[in-house]
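In what follows, a single structure is set out as structure tokens and then discussed.
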Amino acid sequence: MSDVLINQPQTLRIRHLAKNYSKRWVVKDVSFEMHSGQIVGLLGPNGAGKTTSFYMVVGLVRMDKGEIYLDDQDLSHFAMHERARKGIGYLPQEASIFRKLTIAENIMAILEVRKDLSKAQREQRLKELLEDFKISHIKDSLGMSVSGGERRRAEIARALAANPKFMLLDEPFAGVDPISVGDIKEIIQNLKDRGIGVLITDHNVRETLAICEKAYIVSEGSVIAEGTAQEILENATVREVYLGEDFTV
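In terms of the numbering used here, the sequence shown is residues 193 to 441.
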């Protein structure tokens with residue numbers, strides 16, 4: 193856990209994001225902020241603009257308006273790999289493991305590009321990540337041969353090898369069985385405990401609200417509500433356009 197600077201809280205600020213496709217503003221005005229060690233949800237109905245907003249923060253989609261700041265540094269026009277170097281980690285919904293490399297090689301592939309670590313420090317960091325995510329026993333297994341849960345742990349360990357300040361998780365609960373949901377929640381809590389800020393977008397509202405300290409609800413391209421899970425649940429507008437009257441966590 194030596195990589196993470198828990199004592200130096202940082203802030204990711206998103207201001208007035210907007211995106212136009214074919215003369216239609218799919219995202220009109222999305223603003224939110226989050227801090228290191230905080231779990232935040234970006235939620236909303238299908239077609240609301242939440243996924244496009246999420247991808248603009250990642251750097252997968254170019255924004256037409258808006259600003260993205262990490263503390264005082266403007267990342268708005270940084271490419272995805274440049275944002276990653278600054279500390280914005282991303283874990284896609286789809287499998288992203290290198291299938292023909294071992295689990296250890298997957299993680300070392302990221303550690304190798306870190307110029308701040310010596311060879312001995314890279315080896316030590318690899319050992320720590322394998323142990324922390326309980327995948328030491330499969331370190332010599334190929335990425336293609338491990339189970340879904342093991343793969344997800346390896347992918348998160350690999351993402352952490354880059355020493356991110358924030359992790360953006362795309363649909364972490366999608367297509368996951370109930371037992372694995374518990375594992376994923378444990379991993380997200382692990383990230384928080386390391387001082388890493390976690391942004392989640394997911395269609396599984398119940399699981400996401402249950403773990404988030406704060407959520408932002410996007411509808412028709414704009415943020416219509418923000419707050420704790422309880423505040424979101426008590427918001428009449430959110431119930432009307434998104435959750436429905438009978439929804440409970």
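Just so it is clear, CB atoms sit at the ideal spot from N, CA and C, and this is done for glycine as well.
If you're wondering where the values come from, they're calculated on a predicted model, not measured in any experiment.
Buried versus exposed call for residue i [16 or more other C-beta atoms within 10 Å across all chains shown]
i	result
Arg177	Only positions 193 to 441 of the chain appear in this structure, which leaves residue 177 out of reach.
Lys242	buried
Gln265	exposed
Val305	exposed
Lys211	buried
Thr400	buried
Ile424	buried
Ala421	buried
Met336	exposed
Gly367	exposed
Gly281	buried
Ile376	buried
Met272	exposed
Gly436	exposed
Val253	buried
Ala312	exposed
C-beta atoms of residue i and residue j nearer than 8 Å
i	j	result
Ala276	Ala349	no
Ala287	Lys331	no
Gly229	Gly389	yes
Ile289	Leu321	no
Arg291	Leu334	yes
Residue span of the alpha helix (DSSP H) that contains residue i, given as start and end
i	result
Gly340	Gly340 to Leu352
Val397	Val397 to Ile403
Ala312	Lys311 to Asp324
Ala421	Ala421 to Leu425
Unbroken beta strand (DSSP E) run spanning residue i, endpoints
i	result
Arg212	According to the sequence displayed, residue 212 carries Asn and not Arg. Segment Thr203 to Tyr213, the beta strand (DSSP E) holding Asn212.
Arg258	The sequence as given places Gly at residue 258; Arg does not occur at that position. Its beta strand (DSSP E) spans residues Lys257 to Leu262.
Tyr282	Ile280 to Leu283
Ile302	Element bounds for Ile302: not the beta strand (DSSP E) but the alpha helix (DSSP H), Ile295 to Leu303.
Asp308	Segment: none, Asp308 is in no beta strand (DSSP E) and carries neither H nor E.
Tyr408	Lys406 to Ser411
8 Å Cβ shell around residue i - same chain, five flanking residues per side excluded
i	result
Ser310	none
Val415	Asp221, Val222, Ser223, Phe224, Tyr408 and Ile409
Cβ-based neighbour list, residue i, same chain, cut-off 6 Å, excluding 5 preceding and 5 following
i	result
Tyr261	Arg205
Val430	Ile409, Ala417 and Ile424
Gly233	Ile392, Thr400, Cys404 and Ala407
Arg314	Leu303
Cβ neighbours of residue i in the same chain (closer than 7 Å, five flanking residues each side left out)
i	result
Gly279	Leu262, Pro356, Lys357 and Phe358
Tyr434	Gly236, Pro237, Ile409 and Ser411
Gly341	Ser372 and Asp375
*asked:* Does the structure place the segment 362-382 close enough to the segment 198-210 that three or more beta carbon pairs sit under 8 Å?
replied: Taking a cut-off of 8 Å for Cβ pairs, the segment 198-210 and the segment 362-382 do not touch, as fewer than three such pairs fall below it.
*Pairing CB atoms from the segment 231-241 with CB atoms from the segment 401-420, are three or more of them under 8 Å?*
Yes, they touch.
*Counting pairs of Cβ atoms below 8 Å between the segment 337-348 and the segment 316-329, do you hit three or more?*
Pairwise C-beta distances place the segment 337-348 in contact with the segment 316-329, as three or more of them are shorter than 8 Å.
*Segment contact flag, the segment 392-404 with the segment 361-381, C-beta cutoff 8 Å, min 3 pairs*: Remark: three or more beta-carbon pairs, one from each stretch, lie closer than 8 Å, so the segment 392-404 and the segment 361-381 are flagged as touching.
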